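Engineer: Please read through the structure below; I'll follow up with questions.
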Amino acid sequence: MEIINRSIKRQMAVTVVGALFLLSLILLFISYEHVKSELTTATEEKVKSDLLLAEALANAMYPGPWEIKGDKLYKGNKLISGDYEFVDYISQLTNNTCTIFLGDTRVSTNVKNDAGERAIGTKVSEQVKKVVLEQGKIYSGPAIVVNKPFETAYMPIKDTAGKTLGIFYVGVSKERHESAIQKNFYLQVVISLLVMAGVALLFRVLIGRTILQPIEKLMNAIQALESGDLSHRLTLKGNNELSKLAGGVNQMAGSLESILQQVAQHSSTLAAQSQETAAAAQQIGAMVEQITSNTTEVAATAEQGSAAANYAVEQVTRVEHNAQQGSQAVQGTVAKMDSIQKSVQGTADSIGILNERCQSIGQIIEVIKNIAEQTNLLALNAAIEAARAGESGRGFAVVAEEVRKLAEQSAKAADDITDLIVRVQRRATEAVKDMGQSAKEVNDGVEIVHQAGSSLNVIMEQITDMSRMIKEITVGINSTSESTQQLAANSDQINTSIQHLATASQSLAQLAQDMQGSISEFQQ
Numbered sequence: 001m002e003i004i005n006r007s008i009k010r011q012m013a014v015t016v017v018g019a020l021f022l023l024s025l026i027l028l029f030i031s032y033e034h035v036k037s038e039l040t041t042a043t044e045e046k047v048k049s050d051l052l053l054a055e056a057l058a059n060a061m062y063p064g065p066w067e068i069k070g071d072k073l074y075k076g077n078k079l080i081s082g083d084y085e086f087v088d089y090i091s092q093l094t095n096n097t098c099t100i101f102l103g104d105t106r107v108s109t110n111v112k113n114d115a116g117e118r119a120i121g122t123k124v125s126e127q128v129k130k131v132v133l134e135q136g137k138i139y140s141g142p143a144i145v146v147n148k149p150f151e152t153a154y155m156p157i158k159d160t161a162g163k164t165l166g167i168f169y170v171g172v173s174k175e176r177h178e179s180a181i182q183k184n185f186y187l188q189v190v191i192s193l194l195v196m197a198g199v200a201l202l203f204r205v206l207i208g209r210t211i212l213q214p215i216e217k218l219m220n221a222i223q224a225l226e227s228g229d230l231s232h233r234l235t236l237k238g239n240n241e242l243s244k245l246a247g248g249v250n251q252m253a254g255s256l257e258s259i260l261q262q263v264a265q266h267s268s269t270l271a272a273q274s275q276e277t278a279a280a281a282q283q284i285g286a287m288v289e290q291i292t293s294n295t296t297e298v299a300a301t302a303e304q305g306s307a308a309a310n311y312a313v314e315q316v317t318r319v320e321h322n323a324q325q326g327s328q329a330v331q332g333t334v335a336k337m338d339s340i341q342k343s344v345q346g347t348a349d350s351i352g353i354l355n356e357r358c359q360s361i362g363q364i365i366e367v368i369k370n371i372a373e374q375t376n377l378l379a380l381n382a383a384i385e386a387a388r389a390g391e392s393g394r395g396f397a398v399v400a401e402e403v404r405k406l407a408e409q410s411a412k413a414a415d416d417i418t419d420l421i422v423r424v425q426r427r428a429t430e431a432v433k434d435m436g437q438s439a440k441e442v443n444d445g446v447e448i449v450h451q452a453g454s455s456l457n458v459i460m461e462q463i464t465d466m467s468r469m470i471k472e473i474t475v476g477i478n479s480t481s482e483s484t485q486q487l488a489a490n491s492d493q494i495n496t497s498i499q500h501l502a503t504a505s506q507s508l509a510q511l512a513q514d515m516q517g518s519i520s521e522f523q524q
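Residue numbers (UniProt numbering): 1 to 524.
Dropping the structure here:
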């Protein structure tokens with residue numbers, strides 16, 4: 001914190017001092033130019049004033065006009081050429097240089113050349129000569145005097161006739177003028193530095209109280225937050241940016257504290273729920289494994305049932321074929337009976353003695369009816385057994401066997417009927433005369449044979465329906481077997497996914513516990 005505070009102080013000090021320094025430079029430059037301008041103006045005015053003073057003193061000290069005698073310049077009776085009394089007096093009085101020209105040549109001066117001697121015999125500059133000697137006007141301003149810059153004032157010296165005889169000069173060296181400006185500038189620099197130092201010191205004190213101390217408090221608060229102390233709060237007076245920042249830090253600390261409390265609560269809940277989820281996933285996994293095992297057994301049983309159903313289909317197909325053959329035989333018998341009816345119609349009076357035989361035929365036909373009824377009942381039982389498909393279709397095998405036996409009995413009964421009919425025919429031959437009496441019984445026998453054919457047709461249709469149903473049952477069993485196998489495969493996949501879920505839930509619970517440990521490091 002101390003390093004940061006020093007860095008801020010150093011930065012602010014550099015900024016303030018730099019700004020003050022730049023401002024001082026600007027002010028010094030402006031002041032320098034202003035002083036330079038003012039001093040230049042004042043110097044010009046002083047030089048002109050001193051020139052007028054020198055002229056007045058010359059008139060007072062040396063009464064009489066300016067005139068040239070020979071090659072000498074006089075003022076009244078006073079010889080000016082080569083005399084330095086007056087120019088030195090003016091120099092002492094005004095602290096300026098003074099020169100009297102005869103024409104454009106210096107004849108009395110205290111201006112010295114590079115050798116340190118009076119510059120007698122040197123010429124005035126062309127610029128001044130043109131204005132003063134040629135135009136007869138006063139010249140004031142900068143001019144080159146003996147190869148040096150001066151601030152000057154020149155006026156023409158005239159005789160009583162107004163003729164310009166020479167030049168009266170008063171001036172001050174630029175070096176002395178600039179030296180005065182520099183002295184003033186240095187003084188201002190010193191004053192500015194003192195003022196800048198005072199302002200910087202005052203600014204440092206004010207900044208330290210109003211900015212650095214609050215910043216230090218802010219940094220302490222932020223370090224406390226960084227170390228996990230969320231109970232630390234700031235109190236800064238005022239309504240400036242720093243106080244608002246302190247309020248923001250306090251609000252942030254409160255928000256963090258609230259958020260961490262909520263996260264801790266949610267982490268506890270998450271850990272508990274994750275553990276419960278993991279336990280539930282393990283239980284579900286065990287159940288799915290049991291389902292998978294049962295499904296596998298069901299699939300095996302379904303495969304066995306499918307094989308049995310296929311076998312039953314084959315057996316029913318055979319029975320259906322035999323029934324078709326029996327139906328054809330019955331139809332042939334019906335045709336023969338019709339023929340017999342026609343044959344014995346003429347001898348109806350001779351077959352009366354065959355009444356008992358016909359009764360026997362009726363009993364045999366009754367047996368055939370009973371067999372047909374039992375066959376129908378067994379066919380119904382076979383359909384029920386096939387629907388149940390219990391123990392791989394064993395029950396249906398029993399039913400099929402019974403159907404076969406009944407078919408054999410039906411065949412035997414048909415043989416008996418055939419035998420009786422043969423006997424009846426033999427007897428009818430012997431008793432043609434009595435055939436008329438048994439015509440009615442023959443007609444009844446024909447009707448019974450027709451009924452037997454109809455019954456066999458019904459049995460045939462029922463066997464066909466049973467075959468179709470068994471085939472449909474077989475298709476259903478095969479579909480069930482495939483679905484059961486697919487269910488077993490899906491159960492394996494579900495079991496794998498549940499195991500992954502259990503692992504992820506355990507990892508999530510561990511993560512929630514780690515989060516709780518991290519949150520506990522904060523002081524609330």
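Backbone N, C-alpha and C define an ideal beta-carbon position, used for all residues, glycine too. Keep in mind it's a predicted model, so treat the numbers as computed, not measured.
Taking the CB atoms as reference points, tell me whether asparagine 96 and valine 146 lie closer together than 8 Å.
Structural biologist: Counting from one through the sequence shown, the residue named residue 96 turns up at place 96. Counting from one through the sequence shown, the residue named residue 146 turns up at place 146. The answer is no: Cβ separation not under 8 Å.
Engineer: Does the beta-carbon of methionine 466 have 16 or more other beta-carbons within 10 angstroms, so that it is buried, or is it exposed?
Structural biologist: For this step, residue 466 is matched to residue 466 along the sequence shown. Answer is buried; the Cβ neighbour count reaches 16.
Engineer: Counting beta carbon pairs with one atom in the stretch 113 to 123 and one in the stretch 153 to 161, are three or more of them shorter than 8 Å?
Structural biologist: Not touching, per the Cβ criterion.
Engineer: Note down the Cα distance separating alanine 58 from threonine 99, rounded to an integer number of angstroms.
Structural biologist: The sequence position of residue 58 within the sequence shown is 58, counting from 1. The sequence position of residue 99 within the sequence shown is 99, counting from 1. Straight-line Cα distance between these residues: approximately 12 Å.
Engineer: Beta-carbon separation of glutamate 151 and proline 142 under 8 Å?
Structural biologist: Counting from one through the sequence shown, the residue named residue 151 turns up at place 151. Counting from one through the sequence shown, the residue named residue 142 turns up at place 142. Yes. Within cutoff.
Engineer: For the beta strand (DSSP E) holding serine 140, just list the boundary residues, first then last.
Structural biologist: Counting from 1 along the sequence shown, the entry for residue 140 is found at position 140. 139 to 145 is the span of the beta strand (DSSP E), which, as asked, contains serine 140.
Engineer: Per DSSP, which residues does leucine 79 bridge with? Please list them.
Structural biologist: In the sequence shown, counting from the first residue as 1, residue 79 sits at position 79. Partner(s): Tyr74.
Engineer: Since aspartate 71 and serine 108 should fall inside the 8 Å C-beta cutoff, what is the C-beta to C-beta distance between them, to a whole number of angstroms?
Structural biologist: In the sequence shown, the residue the question calls residue 71 occupies position 71. In the sequence shown, the residue the question calls residue 108 occupies position 108. That belief does not hold up - the Cβ atoms of aspartate 71 and serine 108 are roughly 14 Å apart, past 8 Å.
Engineer: Run the CB neighbour count on alanine 279, radius 10 Å, all protein chains shown included, and call it buried at 16 or more, exposed below.
Structural biologist: Translated into positions along the sequence shown, residue 279 becomes position 279. By the 10 Å Cβ count, alanine 279 comes out exposed.
Engineer: Could you pull the start and end residues of the beta strand (DSSP E) that leucine 165 belongs to?
Structural biologist: Your numbering for residue 165 matches position 165 in the sequence shown. Where leucine 165 is concerned, the enclosing beta strand (DSSP E) stretches over 164 to 173.
Engineer: Does DSSP put alanine 512 in a helix, in a strand, or in coil?
Structural biologist: In the sequence shown, counting from the first residue as 1, residue 512 sits at position 512. Helix at alanine 512.
Engineer: Anyone know if the C-beta pair for alanine 512 and serine 227 falls short of 8 Å?
Structural biologist: Position 512 of the sequence shown, counted from the start, is the residue given in the question as residue 512. Position 227 of the sequence shown, counted from the start, is the residue given in the question as residue 227. The answer is no: Cβ separation not under 8 Å.
Engineer: Could you check whether glutamine 331 and glycine 453 sit closer than 8 Å to each other, using their CB atoms as the reference points?
Structural biologist: For this step, residue 453 is matched to residue 453 along the sequence shown. For this step, residue 331 is matched to residue 331 along the sequence shown. Contact flag set, yes.
Engineer: For arginine 388 and threonine 301, what's the separation of their Cα atoms in angstroms?
Structural biologist: Stepping through the sequence shown from its first residue, residue 388 is reached at position 388. Stepping through the sequence shown from its first residue, residue 301 is reached at position 301. When rounded, the distance between both Cα atoms is 13 Å.
Engineer: Would you say phenylalanine 168 and alanine 56 are within 8 Å of each other, going by their C-beta atoms?
Structural biologist: The residue you call residue 168 lines up with position 168 of the sequence shown. The residue you call residue 56 lines up with position 56 of the sequence shown. No, these two residues do not count as a Cβ contact at 8 Å.
Engineer: Relative to the C-alpha of glutamate 391, which residue among Ala307, Glu126, Ser192 and Leu52 is closest?
Structural biologist: Here the question's residue 391 lines up with position 391 in the sequence shown. Ranking Ala307, Glu126, Ser192 and Leu52 by Cα distance to glutamate 391 puts Ala307 first.
Engineer: In angstroms with no decimal places, state the Cα-to-Cα distance between threonine 375 and isoleucine 494.
Structural biologist: Position 375 of the sequence shown, counted from the start, is the residue given in the question as residue 375. Position 494 of the sequence shown, counted from the start, is the residue given in the question as residue 494. Straight-line Cα distance between these residues: approximately 50 Å.
Engineer: Going straight from the alpha carbon of glutamate 314 to that of glutamine 506, what length do you get?
Structural biologist: In the sequence shown, counting from the first residue as 1, residue 314 sits at position 314. In the sequence shown, counting from the first residue as 1, residue 506 sits at position 506. Distance between the alpha carbons of glutamate 314 and glutamine 506: 57 Å.
Engineer: Contact defined as beta carbons within less than 8 Å: I believe valine 170 pairs with threonine 105. What is the distance between those atoms, to the nearest angstrom?
Structural biologist: Here the question's residue 170 lines up with position 170 in the sequence shown. Here the question's residue 105 lines up with position 105 in the sequence shown. Contact doesn't hold; Cβ gap of about 18 Å is too wide.
Engineer: Taking the continuous alpha helix (DSSP H) assigned at threonine 94, which residues delimit it?
Structural biologist: Within the sequence shown, residue 94 is the residue found at index 94, counting from 1. It spans 85 to 94 - the alpha helix (DSSP H) in which threonine 94 sits, taken as one unbroken run.
Engineer: For tyrosine 311, which three-state DSSP category applies?
Structural biologist: Residue mapping note: residue 311 aligns to position 311 of the sequence shown, counting from 1. DSSP places tyrosine 311 in helix when its eight states are reduced to three.
Engineer: In the DSSP assignment, what residue or residues form a beta bridge with alanine 153?
Structural biologist: Here residue 153 refers to the residue found at position 153 when the sequence shown is read from its first residue. Alanine 153 pairs with Ser140 and Val170.
Engineer: Which residues in the same chain as alanine 413 place their Cβ atom closer than 6 Å to its Cβ, once the five residues preceding and following it in sequence are excluded?
Structural biologist: On the sequence shown, residue 413 is found 413 positions in, with the first residue counted as 1. Same-chain partners within the cutoff: Ile364, Val367 and Ile368.
Engineer: Am I right that residue 526 and methionine 469 are in contact with their C-beta atoms under 8 Å? What's the rounded C-beta distance?
Structural biologist: As shown, the chain starts at 1 and ends at 524. That puts residue 526 outside it, with no answer to give.
Engineer: Hey, residue 525 and valine 172 are a contact pair by Cβ (cut 8 Å); roughly how many whole angstroms apart?
Structural biologist: In the structure as shown, the chain begins at 1 and stops at 524. Residue 525 is therefore absent and cannot be evaluated.
Engineer: Please classify serine 227: does DSSP put it in a helix, a strand, or coil?
Structural biologist: As a working note, residue 227 is residue 227 in the sequence shown. If DSSP states are grouped into helix, strand and coil, serine 227 belongs with coil.
Engineer: Based on the DSSP secondary-structure assignment, which residues constitute the bridge partners of arginine 233?
Structural biologist: Locating residue 233 in the sequence shown gives position 233, where the first residue counts as 1. None, per the DSSP bridge assignment.
Engineer: Tell me the rounded alpha-carbon separation between residue 568 and serine 255.
Structural biologist: A question about residue 568 goes unanswered here, because the residues of the chain that appear run from 1 up to 524.
Engineer: Identify the continuous beta strand (DSSP E) that holds valine 131 and give its terminal residues.
Structural biologist: Numbered from its first residue, the sequence shown carries residue 131 at position 131. Looking at the DSSP string, valine 131 is not in any beta strand (DSSP E), and its letter there is neither H nor E.
Engineer: Serine 108 lies in the beta strand (DSSP E); which residues open and close that run?
Structural biologist: As a working mapping, residue 108 is identified with position 108 in the sequence shown. It spans 105 to 109 - the beta strand (DSSP E) in which serine 108 sits, taken as one unbroken run.
Engineer: Identify, in the order they occur along the chain, each residue of the same chain with its Cβ nearer than 6 Å to the Cβ of glutamate 67, setting aside the five sequence neighbours on each side.
Structural biologist: What you label residue 67 is simply residue 67 of the sequence shown in a count that begins at 1. Within the same chain, glutamate 67 has close Cβ partners Tyr74 and Asp159.
Engineer: Tell me the DSSP bridge mates of lysine 123?
Structural biologist: As a first step, residue 123 is located in the sequence shown; it is residue number 123 there, counting from the start. Partner(s): Thr105.
Engineer: Between the alpha carbons of asparagine 77 and isoleucine 191, how many angstroms are there, rounded?
Structural biologist: On the sequence shown, residue 77 is found 77 positions in, with the first residue counted as 1. On the sequence shown, residue 191 is found 191 positions in, with the first residue counted as 1. Roughly 55 Å separates the two Cα atoms.
Engineer: Closest to phenylalanine 101 by C-alpha separation, out of Gln92, Ala115, Ile222 and Leu79, would be which residue?
Structural biologist: Within the sequence shown, residue 101 is the residue found at index 101, counting from 1. It is Leu79 whose Cα lies nearest to the Cα of phenylalanine 101.
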